[in-house]
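Right, one structure below, let's go through it.
There are 2 protein chains.
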Amino acid sequence: MAEKQTEEKKSALPSKSNFSEWYNELLLVGEIMDVRYPVKGLYVWFPFGFDVRKRTYAIIRELLDKDHKEALFPLLIPETEFMKEAEHIKGFENEVYWVTHGGKNELDVRLAMRPTSETAIYPMYKVWVRSHADLPIKIYQIVNTFRYETKHTRPLIRLREITSFKEAHTVHATWDEAAEQVKEATRIYQEFYRRLAIPTIVSKRPEWDKFPGADYTMAVDTLMPDGKTLQIGTAHHLGNNFAKTFDIKYEDLSGEQVYAHQTCYGISERSIAALISIHGDDKGLLFPPEVAPVQVVVIPIIFGKSDDVMKACSDVAEVLKKDGIRVALDTSDERPGAKYYRWEMKGVPVRVEIGPRDLKNNVATIVRRDNGSKETAPLVNIAEEVRKRFGAVHESLLEKSAKSLKERIIDCKTLEEVKDRITTGIARIPWCGERDCGLAMEEAVGAGILGVPEGELGRGAGKCPVCGRGTENMAIMAKTY
Amino acid sequence: MAEKQTEEKKSALPSKSNFSEWYNELLLVGEIMDVRYPVKGLYVWFPFGFDVRKRTYAIIRELLDKDHKEALFPLLIPETEFMKEAEHIKGFENEVYWVTHGGKNELDVRLAMRPTSETAIYPMYKVWVRSHADLPIKIYQIVNTFRYETKHTRPLIRLREITSFKEAHTVHATWDEAAEQVKEATRIYQEFYRRLAIPTIVSKRPEWDKFPGADYTMAVDTLMPDGKTLQIGTAHHLGNNFAKTFDIKYEDLSGEQVYAHQTCYGISERSIAALISIHGDDKGLLFPPEVAPVQVVVIPIIFGKSDDVMKACSDVAEVLKKDGIRVALDTSDERPGAKYYRWEMKGVPVRVEIGPRDLKNNVATIVRRDNGSKETAPLVNIAEEVRKRFGAVHESLLEKSAKSLKERIIDCKTLEEVKDRITTGIARIPWCGERDCGLAMEEAVGAGILGVPEGELGRGAGKCPVCGRGTENMAIMAKTY
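In the order they appear, the protein sequences are chains X and E.
For reference, each letter of the first sequence is one residue, going 1 to 481 in the numbering used here.
For reference, each letter of the second sequence is one residue, going 1 to 481 in the numbering used here.
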């Protein structure tokens, strides 16, 4: 349907080195999002983009469904509930959309459009949680949430309607069990992003950057092509803060009423922003096979007329389809070059070409979208051969993106160095962990501390650039979206 | 998690003859919806209910995906767009929720929460439609929509947040093609409801009851246990009314700019209200196998200890699972009777019991939830035997519900008769088709004309009870939800 626009804009994709323009243009010509909706910060998912979303969210559902349950809570939250948690409301009060009228009547109680669903879900948890035997509860929902963003909005990244917020909310008996669940959440998210071939860094956000109302926040970040980091997942330990506010208590083994402990963790369509930004290139979109709407395109290479080649192509398409592969067969009248161009733009990871000579040899030519490599493969094994390329493309995308991330994390000793480095990537610098030092570092550099990363990345040796004390903690700093 | 409540309420399910109480109680103890959310007309989907929803909507997606595409448009519609179509706004102005504030700021332009998405989607169609080659467009989305209901609200039936509105919006070159699409939509909906074993009547709504802004409206109704009809699907021919308002034009073959013709059609969670109401009974829920969250429960019949029986049950559960069947194995310590009770309440269509004697004979006892029939079947074919029952349960549910509908459609000659009959079902009566006569009939009876049904049901012979003219059109009248 929007083919016409695509045709017109065909030659308009700017180079990826011009990231911001490339991104905006690619969303339109790649038919991911239409940004022409007449309200700032609200966008339309094209069917093609929605297909990518569906496949991406199928992965997160698969991972969560192992021990979470999906449910659905209302979008509208009465002001009286929304205002209960003091820290929480402080964090959101400038961002909440308020519904004040129904028809021509003014509402008695204003309704908040959920910016996140703690205050919608926890009044129900109060009713549901009775005894230790009811715990743990692990529920998630995938919903639209709303933020009145006053900053510059950007499709999939900074939105007024987050159309695809996956939020999980768990309840546990003890603080430690909740802490374990936060770890599990970041493990699940890392697995999710591995499936998308997106490299991640997990770190504990500084105290002053945690979720409003949480004990602490773990965040999953990735690095975008322009050197800014994108937060693509968070997991919050809520302690018993919300439990106290919403009166969520259970009877423990000794018959005592005890406040429960909670976590929540979320992922949004920023996952798709990262997917598109990290893998795409000057030719357009590039999807890992698992989430590609079209996984293989079959193209007949014909000079003149060749019924045999056409038939072979359609047979191959049929075989692939039967194997469960999402395949397109392009028998249009265009030149092969024009076809390559169009399907490359759409991010199809593998192309199968068959010409008269291939046919004579009972082979097909298999071309990988990620590196352009061409190989011949026997027709008799075509599905297996194609699947082998799927694995190779995924591996190679992950390797490349992980390498690119690693290369752009630079060890620094001084804040001057940091200031210089964060224009193109992530700076890693010793930090004593003190709040005052951290805030001074952010102030000096004009960018945020993401936190002290998990694992090797967060360990080292050096001196805090502010107080000069020795420390083994390494913090990472970056410009962020 | 809500097990506790379930236990407490166990014996509380009223008889289905007391439909309204039965319905409300069943939604809670069956863990479909929690009605305790602190805003009128907003409800919570329990995980179990959400599972039913997921499987039900998978069917509608499957049917539509053959030649529609799924997309996603924003929830918020600027007042300026919303107010463009005069008829449309007249139909909705008393029901629209208005967002007036973002944070502490009053918005420049108020935002309507979609009650339906014509005015959100058609400004984009204006941009997308250029030439006859772009047509037809067939797009749908599954979204939450909002109505400020002032009448009595009821879970799944009359809601302030319709959480699961499937709305399709199509664009065509000609009025006739759009009319054909309206027919196709009602065909798809009938197929959908056949899959849910729900009988339907399709009729053309009277002129005064059509969708605001449409040329005409076709509606799909079913009959609830209490004798009131429930509208469970509609398809609207929009003519070129909205095309003119939103300037949706295409260039035809002769190069002229022509207004497009449009349709829209929708289904909501009322489909699930019908599913639960029509099949459920005094024992609780009863699902057709295709949408049952648990399709089979396997229960060991043990008096004392029997490892052999336990092993046989777990083997059978494994075999069924491998065959793609959703199975629960209940090895809890309860008596078999208590287990039957619980799984019957949950609507599991087939139960497999294995006791020592069954095991000796290499058989299992298969019990159908719908009619209680017990049969033995060889263990060696267990998956096939179970699947055979799935087919039988579905057939039998459809037959039973169709019969019940048919029996409650009563031919009437006078409005007195109609008034009497509609207390328990649908009255069928000749109607000349004139507006004045129709309105007089509604006035006299205190209930609505659903329309003249498609097919045999709408054809007959008699005299219009108001003007006395002879007619071959039969209208149906009923009390409606």
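We treat Cβ as the ideally placed atom computed from N, Cα and C, and that holds for glycine.
Source: prediction; values computed, not measured.
Using only CA atoms, which one of X:465, X:368, X:287 and X:481 lies nearest to residue 447 (chain X)?
X:481
What are the boundary residues of the beta strand (DSSP E) that residue 165 (chain X) is part of?
161 to 172
Quick one, which residues of the stretch 67 to 101 of chain E are near chain X if we go by CB-CB under 7 Å, in chain order?
69, 70, 71, 72, 73, 74, 75, 76, 78, 81, 93, 94, 95, 96, 97, 98, 99, 100 and 101
Check whether the Cβ of residue 263 (chain X) lies closer than 7 Å to any Cβ atom in chain E.
no
How many Å lie between residue 422 (chain X) and residue 228 (chain X) at the Cα?
8 Å
Partner residues on chain E for residue 47 (chain X), Cβ-Cβ distance less than 8 Å:
69, 70, 71 and 139
Residues in the stretch 101 to 112 of chain X having any Cβ partner in chain E nearer than 9 Å
101, 102, 103, 104, 105, 107, 109, 110 and 111
Measuring straight from C-alpha to C-alpha, what distance separates residue 1 (chain X) and residue 424 (chain E)?
Residue placement at residue 1 (chain X) cannot be trusted, given a pLDDT of 42 that sits under 50; what the coordinates show is reported in the next sentence. One C-alpha to the other measures close to 49 Å.
Between residue 462 (chain X) and residue 413 (chain X), how many whole angstroms is the CB-CB distance? I'm expecting something under 8 Å.
7 Å
With a Cβ-Cβ cutoff of 7 Å, do residue 356 (chain E) and residue 316 (chain E) count as a contact?
no
Residue-chain proximity (residue 174 (chain X), chain E), Cβ-Cβ < 7 Å
no
If residue 344 (chain X) sits next to residue 283 (chain X), beta carbons under 8 Å apart, how far is it from one beta carbon to the other, in whole angstroms?
5 Å
Residue 224 (chain E) - DSSP class collapsed to helix/strand/coil
coil
Residue 330 (chain X) touches chain B at which residues, Cβ-Cβ below 8 Å?
The displayed structure is made up of protein chains X and E, and chain B is not among them.
If you count every other CB in all the chains shown that lies within 10 Å of the CB of residue 479 (chain E), and 16 or more means buried, which is it?
buried
Just to confirm my understanding: we take residue 41 (chain X), look at its own chain, exclude 5 residues before and 5 after, and list those with CB closer than 8 Å. What are they?
149, 153, 158, 159, 160 and 161
With a CB to CB cut of under 7 Å and the five nearest residues on each side skipped, what residues in its chain are close to residue 453 (chain X)?
201, 202, 203 and 476
Short check: CB of residue 95 (chain X) to CB of residue 103 (chain E), under 7 Å?
yes
Where residue 346 (chain X) falls: helix, strand or coil (DSSP)
strand
Taking C-alpha atoms, which residue in X:26, X:19, X:17 and X:20 lies nearest to residue 342 (chain X)?
X:26
State yes or no: is the beta carbon of residue 122 (chain E) nearer than 7 Å to at least one beta carbon in chain X?
no
Terminal residues of the continuous alpha helix (DSSP H) containing residue 193 (chain X)?
175 to 195
Judging by CA-CA distance, which residue of E:429, E:377 and E:55 is the nearest neighbour of residue 361 (chain E)?
E:377
Run through the stretch 230 to 315 of chain E for me and flag every whole beta strand (DSSP E) of 3 or more residues, listed as ranges in chain order.
249 to 251, 257 to 259, 261 to 267 and 296 to 300
Are the stretch 242 to 251 of chain E and the stretch 18 to 37 of chain E touching by the rule of at least three beta carbon pairs closer than 8 Å?
no
Does the stretch 264 to 282 of chain X come close enough to the stretch 161 to 173 of chain X that 3 or more CB-CB pairs lie under 8 Å?
yes
Quick check on the DSSP output: the beta strand (DSSP E) that includes residue 101 (chain E) runs from which residue to which?
97 to 102
Amino acids of chain E, ordered along the chain, whose beta-carbon sits closer than 8 Å to that of residue 270 (chain X)
The contacting residues do not exist; residue 270 (chain X) stays about 16 Å from chain E at best.
Look up residue 47 (chain E) in the DSSP assignment and say whether it is helix, strand or coil.
helix
Return no unless some Cβ of chain E is closer than 7 Å to the Cβ of residue 25 (chain X).
no
Taking only beta-carbon atoms, is residue 38 (chain X) less than 7 Å away from chain E?
yes
Does the CB of residue 163 (chain E) have a neighbour CB from chain X at under 7 Å?
yes
Would you please verify whether the beta carbon of residue 42 (chain E) is less than 7 Å from any beta carbon of chain X?
yes
Which bits of chain E does residue 127 (chain X) rub up against, with CB to CB less than 7 Å?
36
Presumed contact (8 Å Cβ cut-off) between residue 318 (chain E) and residue 261 (chain E), rounded CB distance:
Not confirmed; about 55 Å, so no contact.
Exposed or buried, what is residue 80 (chain X) when buried is set at 16 or more other beta-carbons lying within 10 Å of its beta-carbon?
exposed
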